[in-house]
Amino acid sequence: MDGLSHIQSIVTFAWWIALDLSVLLYILLDGADLGAGVFSLFVRDHHERGAIMSAMAGTWDANETWLIVAGGVLFGTFPFVYGSAFSYLMVPLALALWGMITRALSLEFRHLAETPWQRFSDVCFGVSSLVVAFFGGMAVGAILQGFPLTNTPGTVPTYVGGALRFISPFSIWTGIAAVLAVALSGVLFIRARFEHGEPIREQAARWTGTIFYLALAAVAITVVINAVIFPWAANKWFGSHFWVWGLVLLAVVFVAFKMREASRQDRDVAAILWFNLAVAIMAVAMMVTVYPWIVPGTWTIYAGASPAVSLVTFTLAMGGFFPVMLMYNAYQIWVFRARITALAAYH
Numbered sequence: 060m061d062g063l064s065h066i067q068s069i070v071t072f073a074w075w076i077a078l079d080l081s082v083l084l085y086i087l088l089d090g091a092d093l094g095a096g097v098f099s100l101f102v103r104d105h106h107e108r109g110a111i112m113s114a115m116a117g118t119w120d121a122n123e124t125w126l127i128v129a130g131g132v133l134f135g136t137f138p139f140v141y142g143s144a145f146s147y148l149m150v151p152l153a154l155a156l157w158g159m160i161t162r163a164l165s166l167e168f169r170h171l172a173e174t175p176w177q178r179f180s181d182v183c184f185g186v187s188s189l190v191v192a193f194f195g196g197m198a199v200g201a202i203l204q205g206f207p208l209t210n211t212p213g214t215v216p217t218y219v220g221g222a223l224r225f226i227s228p229f230s231i232w233t234g235i236a237a238v239l240a241v242a243l244s245g246v247l248f249i250r251a252r253f254e255h256g257e258p259i260r261e262q263a264a265r266w267t268g269t270i271f272y273l274a275l276a277a278v279a280i281t282v283v284i285n286a287v288i289f290p291w292a293a294n295k296w297f298g299s300h301f302w303v304w305g306l307v308l309l310a311v312v313f314v315a316f317k318m319r320e321a322s323r324q325d326r327d328v329a330a331i332l333w334f335n336l337a338v339a340i341m342a343v344a345m346m347v348t349v350y351p352w353i354v355p356g357t358w359t360i361y362a363g364a365s366p367a368v369s370l371v372t373f374t375l376a377m378g379g380f381f382p383v384m385l386m387y388n389a390y391q392i393w394v395f396r397a398r399i400t401a402l403a404a405y406h
């Protein structure tokens with residue numbers, strides 16, 4: 060496969076799974092934090108905005124670590140993809156990085172500021188959360204569209220195109236859809252973290268129904284657009300195994316409405332788990348759809364892999380580092396599982 064040995068091809072495939080798993084865990088974990096930040100833009104009470112920050116103070120930095128892991132896997136295993144894709148996505152990724160830095164500063168320094176500057180931190184926290192979600196979503200849409208490369212024999216293929224090539228109606232749409240998805244995750248997170256009867260929890264509950272249907276519509280629209288503009292998606296979805304994809308669609312709809320049912324019954328943890336299951340099903344379905352591409356029409360996972368990829372490095376990472384990370388996340392979630400009130404404002 061593209062010059063790799065059989066063993067290297069197997070290990071490359073395993074690393075691709077590890078990359079996708081890291082991105083998925085980032086979306087599931089930090090997506091809730093980002094959504095809570097977007098929601099905070101519509102919260103009027105100063106102390107309640109601070110309480111939202113307090114609700115994630117013990118876990119947000121570990122959640123973001125999965126994005127660093129994904130970047131490390133991409134750099135170490137798929138360096139050709141890393142080099143060309145980051146050139147293509149320089150602008151949206153730089154803006155997303157600005158959002159992450161601003162969000163971290165807002166979280167860490169709000170409690171050190173006087174009240175007027177705390178309000179400024181609140182705005183920065185909400186806006187930066189929105190920026191990360193939107194431009195992260197745009198980057199995903201731009202990757203699905205692919206990008207042109209040089210084709211000079213004996214040289215590494217590099218990105219050919221302008222800095223704004225990533226902008227398209229589709230990538231703008233995926234940015235909007237990403238904001239809707241994290242907003243739903245965020246209100247579910249707030250409902251699970253705040254005491255029953257808290258005004259902010261009641262506000263999040265009122266939001267849940269509307270955002271649920273908006274997010275569900277966004278998923279449906281995105282699927283239709285993918286089927287219309289991407290032949291690699293349409294060929295798989297409407298090929299000989301179309302019935303399998305029909306079952307996947309039914310599974311997503313079933314899980315989504317189980318999430319809605321759980322949220323109506325105030326089973327907040329169950330609602331989050333159902334939501335995460337729906338996202339996981341869609342992520343796996345997209346992985347299968349895209350395979351063997353890592354960037355559709357541009358790089359396959361085998362062509363973009365490093366010839367030096369080895370079973371030893373994979374075993375050390377997956378057998379050691381990944382389990383430790385997962386246990387660390389699970390431990391943090393358990394420690395900070397208790398509900399809070401607006402009195403827990405981060406100051």
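So for the sequence shown, my numbering puts the first residue at 60; every next one is plus one. Every residue gets a Cβ at the ideal spot worked out from N, C-alpha and C, and that includes glycine.
| Item | Value |
| --- | --- |
| Does the pairing of the segment 347-363 with the segment 136-155 give three or more beta-carbon distances under 8 Å? | yes |
| Terminal residues of the continuous alpha helix (DSSP H) containing Val-241? | 228-252 |
| Closer than 8 Å is the cut-off here; do at least three beta carbon pairs connect the segment 233-246 with the segment 385-394? | no |
| What residue range does the beta strand (DSSP E) around Val-219 cover? | Val-219 -> no beta strand (DSSP E), and no H or E assigned at all. |
| Between the segment 100-119 and the segment 152-172, are three or more C-beta pairs nearer than 8 Å? | yes |
| Is it buried or exposed for Met-386, if we count other Cβ within 10 angstroms and need 16 for buried? | exposed |
| Might you give, ordered along the chain, the residues of its own chain that have their beta carbon closer than 6 Å to the beta carbon of Trp-266, omitting 5 neighbours on each side? | Val-246 |
| Note the first and the last residue of the continuous alpha helix (DSSP H) segment covering Ile-331. | 327-349 |
| What runs of the alpha helix (DSSP H), each 4 residues or longer, lie entirely inside the segment 375-399? | 381-394 |
| Give a yes or no on contact between the segment 180-195 and the segment 334-349, applying the rule of three or more CB pairs nearer than 8 Å. | no |
| Once the 5 residues before and after Val-307 are set aside, which same chain residues still bring their CB inside 6 Å of it? | Ala-344 |
| Alpha carbon to alpha carbon, how far is Ala-274 from Met-197? | 16 Å |
| Since I believe Leu-93 is in contact with Val-241 (beta carbons under 8 Å), could you give me their beta-carbon distance rounded to a whole number of angstroms? | 4 Å |
| So which of Thr-174, Val-354, Phe-134 and Ala-367 has the shortest CA-CA distance to His-106? | Thr-174 |
| Between Ala-73 and Phe-373, is the Cβ-Cβ spacing less than 7 Å? | yes |
| Starting from the C-beta of Val-312, find all residues in its chain whose C-beta is less than 7 Å away, skip the five residues before and the five after it, and write them out in chain order. | none |
| Quick one: is Asp-104 buried, meaning 16 or more other Cβ sit within 10 Å of its Cβ, or exposed? | exposed |
| Would you mind reading off the limits of the beta strand (DSSP E) that contains Val-354? | 352-354 |
| Suppose you measure from the CA of Asp-79 to the CA of Arg-323; what does that come to, to the nearest Å? | 32 Å |
| Please report how far the alpha carbon of Ile-86 lies from the alpha carbon of Val-354, in whole angstroms. | 19 Å |
| CA-CA distance, Val-128 and Pro-151? | 19 Å |
| Of all the options Glu-254, Val-283, Gln-204 and Arg-252, which has the alpha carbon lying nearest to the alpha carbon of Ser-230? | Gln-204 |
| Sort Arg-396, Leu-223 and Met-384 by Cα distance to Asn-122 and report the nearest one. | Met-384 |
| Does the beta-carbon of Val-215 have 16 or more other beta-carbons within 10 angstroms, so that it is buried, or is it exposed? | exposed |
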